[in-house]
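Residue numbers (the numbering used here): 129 to 213. C-beta atoms are modelled at their ideal positions from N, C-alpha and C, and glycine is treated no differently. Input: a single structure, listed below in structure tokens.
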């Protein structure tokens with residue numbers, strides 16, 4: 129639908145595309161309000177941040193957990209191969 133498109137104006141969207149985006153947004157609204165899902169149950173997200181970024185790390189971690197997945201946090205000091213470069 130909208131993949132790999134550069135958008136400069138709303139006029140570039142058809143009525144069907146706008147309706148599709150609004151329908152998708154409506155279906156995702158409960159998750160924005162804190163509803164949990166099992167969509168990613170059994171999946172693991174490895175977070176590799178080499179600079180301190182608490183807000184970004186927490187955003188990714190919260191999203192993954194809300195979708196039922198697990199998170200592993202790795203940083204430069206936590207793995208010898210990582211710290212070696």
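Our contact map puts residue 195 next to residue 165 with C-beta atoms below 8 Å; I'd like the distance itself, whole angstroms only.
Taking the chain shown and counting its residues from 1, one reaches residue 195 at position 67. Taking the chain shown and counting its residues from 1, one reaches residue 165 at position 37. Correct: roughly 5 Å between the Cβ atoms.
Rounded separation between residue 178 and residue 192 - CA only
Residue 178 sits at position 50 when you count from the first residue of the chain shown. Residue 192 sits at position 64 when you count from the first residue of the chain shown. Rounded to the nearest angstrom, the two C-alpha atoms are 20 Å apart.
Using C-beta distances below 7 Å, list every residue in its chain close to residue 199, excluding the 5 sequence neighbours before and after it, in chain order.
On the chain shown, position 71 is the one that residue 199 refers to. Answer for residue 199: 173, 175, 189, 192, 193, listed in chain order.
Beta-carbon proximity list for residue 171, same chain, < 6 Å, skipping 5 on both sides:
Reading the chain shown from its first residue, position 43 is the one you call residue 171. The residues are 197.
Under 8 Å between the Cβ atoms of residue 201 and residue 183?
Indexing the chain shown from 1 puts residue 201 at position 73. Indexing the chain shown from 1 puts residue 183 at position 55. No, the Cβ-Cβ distance between residue 201 and residue 183 is not below 8 Å.
What is the DSSP secondary structure of residue 169, reduced to helix, strand or coil?
Residue 169 sits at position 41 when you count from the first residue of the chain shown. Three-state DSSP puts residue 169 in coil, outside helix and strand.
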